[in-house]
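Everything in the sequence shown is counted per this note's numbering, starting at 110 for the first residue and increasing by one. Taking it in order: structure first as structure tokens, then the write-up.
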Amino acid sequence: MALLQIQEPGGKTAKALHRLAVGIDLGTTNSLVAASCGGSVEILPDTDGDYLLPSIVRYREGQPALVGKEAKLGLIEDAENTLSSIKRFLGKSLTELKTQNKYLPYKFDESRSDTSPAIVTVDGVKDPVQVSADILRKLAKRAEQCLKGPLDGTVITVPAYFNDSQRQQTRDAARLAGLNVLRLLNEPTAAAVAYGLDSKDQGNIVIFDLGGGTFDVSLLSLQKGVFEVLATGGDTSLGGDDFDYVIADWVAAQLSSKTESEFTVNAQLLQIANAAKHQLSFDESVQLSFDDWSASLSREEFAKLTEKLVSKTINTCRRVLRDASLSVEDIDNIVMVGGSTRMPVVREAVAKYFNKAPLTNIDPDKVVAVGAGIQADVLIGNKPADSFLLLDVNPLSLGIETMGELVEKIIPRNTTIPVVRAQEFTTFKDGQTVMSFHVVQGERELVTDCRSLARFELRGIPPMVAGAAKIKVSFQVDADGLLSVAAQELSSGTKAEVQVKPSYGLDSGAIEQMLQDSYDNAQTDMEARSIKEAQIEARQLISAIANARSVDESLLPIDESRRIEIAVDELEAALIDAGSNQIHALIEKLNLVSGDFAARRMDLTIAEALRGESIDKVNSQ
Ligand code: AMP
């Protein structure tokens with residue numbers, strides 16, 4: 110903590126407490142650190158004046174690790190010990206990583222394939238949390254040198270789609286680096302904060318984030334200084350690299366036609382393509398050359414070549430608006446984030462779709478860190494505590510498994526967090542003392558199509574008849590997206606809880622896929638659900654009738670008993686493959702043929718209850 114000395118009116122010197130807080134954009138490729146300096150938030154440079162810290166760590170034997178640009182050379186010289194893009198490893202198991210990336214230049218401890226990937230380096234085994242901690246430590250050191258004092262708090266940004274386990278590992282990394290995490294902040298929210306400071310806009314804001322390899326769109330609502338994330342969407346495999354490939358493919362095709370032999374894209378071509386792409390952000394056309402071949406590429410041709418990629422980004426915007434039930438006219442501002450939003454072709458498409466120019470006056474590489482820095486300053490108490498409040502949303506619905514392997518959604522997708530929601534459930538069997546809970550995540554109707562997050566049991570439920578116990582299940586998602594589920598039997602107060610740090614492996618691509626599946630299967634899912642519900646109702650009726658018969662068979666004349674048996678058989682047969690309408694029709698039929706029997710049982714029960722009691726007494730009760 111640094112003590113800032115300020116001059117009081119009248120000349121006396123007073124000591125004011127200024128707590129040091131920084132915002133960190135912990136990126137896949139590069140990381141940045143920002144802090145409030147003399148009233149405005151700035152990105153803190155290293156001693157060479159560079160802002161970006163490459164998110165690369167090179168481990169060495171018996172020496173401290175190299176982090177950032179010093180580690181870069183290791184990518185070629187010492188690939189096994191030089192770890193990059195480690196953010197993609199957070200929250201994933203080795204098995205998952207290997208299915209996602211065919212080629213990884215690291216040596217893994219294969220005996221730990223179900224846990225966090227253990228990377229064998231000359232400096233021992235490292236996991237993604239330790240590597241991320243080394244990057245954070247380097248940024249913190251840079252900040253402490255710039256700000257001349259130890260840090261009191263940090264805000265770290267994470268992708269909006271990070272799941273609980275990825276968020277938890279980010280927190281763990283910060284803790285390992287000795288940082289006090291004030292909050293994890295969603296990257297798009299941070300970008301909005303950066304602009305909120307400048308222009309204090311009110312209304313709906315779209316954050317359009319196109320980086321090197323990923324694309325994210327978030328829709329935020331800003332009201333009287335309060336941000337709320339209304340909806341999010343994206344694509345983990347769409348980014349600037351794809352634009353490089355388009356140009357490289359175009360060059361390869363020209364070379365192939367010239368030499369009449371197949372020319373494939375290689376690293377050198379990609380480099381040429383990337384340079385050309387950058388130049389096209391400034392010039393109307395670019396001259397490309399390779400060996401003795403040379404050609405020019407205009408912005409217009411580039412726009413045609415990349416039309417598909419650009420329209421993919423616009424389609425995602427369309428879906429996000431639809432999720433929030435808003436139209437383009439409702440959008441007041443569009444904030445551009447990520448290096449690829451420098452491309453005029455992207456800016457123009459965005460401007461055309463939203464019918465207004467996007468905001469680009471903050472460097473799209475720095476905007477997230479700036480927002481995190483501003484938020485850190487507020488949270489540490491250097492600014493009025495209620496300057497603004499940030500609310501985010503959970504990206505996928507959270508729910509619980511109910512009878513028939515159906516999902517009951519407790520917190521729907523895109524609900525603003527933090528949030529607490531509760532619902533009551535009951536027992537299925539008489540005398541049931543234990544209840545199992547299965548927490549799931551996803552948009553589909555059946556448990557098998559959703560993602561299993563956790564299972565737990567509530568024991569010690571007092572024995573009661575089926576349906577009498579009241580079990581309150583509460584779901585709580587905190588500001589960082591961590592989920593706690595609690596179940597409590599209300600008469601006895603007996604309680605069980607689980608904190609969900611869900612299994613590994615849900616990146617934004619997986620989320621997109623889950624959403625796509627739910628759109629594609631909406632019709633069949635609804636049908637499957639109504640069949641399951643009809644089947645449950647049918648089974649409950651069959652079981653109730655069997656129970657009644659075992660007790661009061663004497664009340665059933667032979668012909669009536671036979672009719673009930675036939676109706677039961679028909680209903681049972683229908684449970685195998687009939688649709689919900691047919692099952693409902695047969696349930697009705699069984700209710701009809703067993704109606705008299707039920708009435709006689711009711712009469713008998715009433716008669717037994719009244720035995721020995723006078724009518725007056727019964728009436729007066
Ligand atoms: P980021 O991950 O946000 O740093 O974005 C990196 C991506 O932005 C890479 O694909 C870069 O090629 C791209 N990029 C950076 N500057 C420009 C530019 N001036 N024009 C086009 N693309 C750019």
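Backbone N, C-alpha and C define an ideal beta-carbon position, used for all residues, glycine too. It should be emphasised that the depicted structure is a prediction, and the values quoted were computed from it without experimental measurement.
Inter-residue Cα distance where the pair is residue i and residue j
i, j, result
"L418", "S449", "12 Å"
"L719", "Q644", "37 Å"
"D439", "T204", "44 Å"
"I509", "V516", "6 Å"
"S506", "E170", "46 Å"
"I77", "L328", "Because the chain here runs from 110 to 730, residue 77 falls outside it and cannot be looked at."
"E533", "Q597", "9 Å"
"I519", "V609", "15 Å"
"E669", "R553", "43 Å"
"V395", "L406", "5 Å"
"D712", "F706", "10 Å"
"Q632", "R710", "42 Å"
"S545", "S164", "43 Å"
"L488", "S149", "16 Å"
"A716", "P521", "49 Å"
"T122", "A130", "Confidence at T122 is low in this model, with a pLDDT of 33, below 50, so its placement is unreliable and no value can be given for it."
"K247", "P173", "12 Å"
"D587", "L599", "24 Å"
"Q585", "T524", "12 Å"
"L331", "L288", "30 Å"
"A702", "A708", "Looking at the sequence shown, residue 702 is not Ala but Val. So the two alpha carbons sit approximately 11 Å from each other."
"A269", "P504", "8 Å"
"F565", "V543", "10 Å"
"T368", "E410", "23 Å"
"V677", "S659", "15 Å"
"C559", "L339", "23 Å"
Contacts around residue i, its chain only, beta-carbon distance under 6 Å, and the 5 residues preceding and following it disregarded
i, result
"I640", "S689"
"G569", "T603"
"G480", "A299, A300, V302 and A303"
"Q275", "L199 and G200"
"V264", "G132, L291, R292, L294, A481, Q484 and A485"
"T266", "D134, L294, E296, A299, V477 and A481"
"S593", "Q585 and Q608"
"I673", "V702 and S703"
Closer than 8 Å: residue i CB and nearest the ligand AMP heavy atom
i, result
"K812", "Look at the range of the chain in this structure, 110 to 730, and you will see that residue 812 is not part of it."
"F352", "yes"
"T137", "yes"
"L695", "no"
"N94", "Nothing can be reported for residue 94, as the shown portion of the chain is limited to 110 through 730."
"V452", "Just to set this straight, residue 452 is Met in the shown sequence, not Val. For the ligand AMP, at least one heavy atom lies less than 8 Å from the Cβ of M452."
"I390", "The sequence shown places Ser at residue 390, rather than the Ile named in the question. Correct: S390 has its Cβ closer than 8 Å to the ligand AMP."
"N295", "no"
"D344", "no"
"N289", "no"
"D358", "no"
"G158", "no"
"G177", "no"
"G480", "no"
"D474", "yes"
"S449", "yes"
"G602", "no"
"A424", "Position check: residue 424 holds Asn in this sequence, whereas Ala was assumed. Result no, Cβ not under 8 Å from the ligand AMP."
"N375", "no"
"G147", "no"
"G58", "Because the chain spans 110 through 730 in this model, residue 58 falls outside it and cannot be assessed."
Integer Cβ distance of residue i from residue j, believed to fall under 8 Å
i, j, result
"E642", "G447", "The Cβ separation is near 45 Å, so there is no contact."
"V549", "L567", "Wrong, their Cβ atoms sit about 17 Å apart, outside the cutoff."
"L468", "N442", "6 Å"
"I696", "L664", "Rounded, the Cβ-Cβ distance is 22 Å, inconsistent with contact."
"A376", "I356", "No, A376 and I356 are not in contact; Cβ-Cβ is about 14 Å, not under 8 Å."
Residues near residue i in its chain [Cβ-Cβ closer than 8 Å; skip 5 each side]
i, result
"Q691", "A683"
"P453", "L389, S390 and R408"
"L778", "Since the first residue of the chain shown is 110 and the last is 730, residue 778 is not available in this structure."
"I423", "A458, V459 and Y462"
Chain-order list of residues whose beta-carbon lies under 7 Å from that of residue i (same chain, five-residue window excluded)
i, result
"A282", "V238, S241, A242 and L245"
"E253", "P259 and L260"
"A404", "Q363 and L397"
is_contact[residue i, chain C] using C-beta, thresh 9 Å
i, result
"L592", "Among the protein chains of the structure shown there is no chain C, as only one such chain exists."
Near the ligand NAP: residue i beta-carbon under 8 Å from a heavy atom
i, result
"A694", "Ligands in the displayed structure: the ligand AMP; the ligand NAP is not one of them."
Stretch-stretch touch, CB-based, cutoff 8 Å, three pairs: the stretch 215 to 231 with the stretch 143 to 150:
no
Determine, using beta-carbon pairs with one atom in the stretch 430 to 437 and one in the stretch 344 to 352, whether at least three such pairs fall under 8 Å.
no
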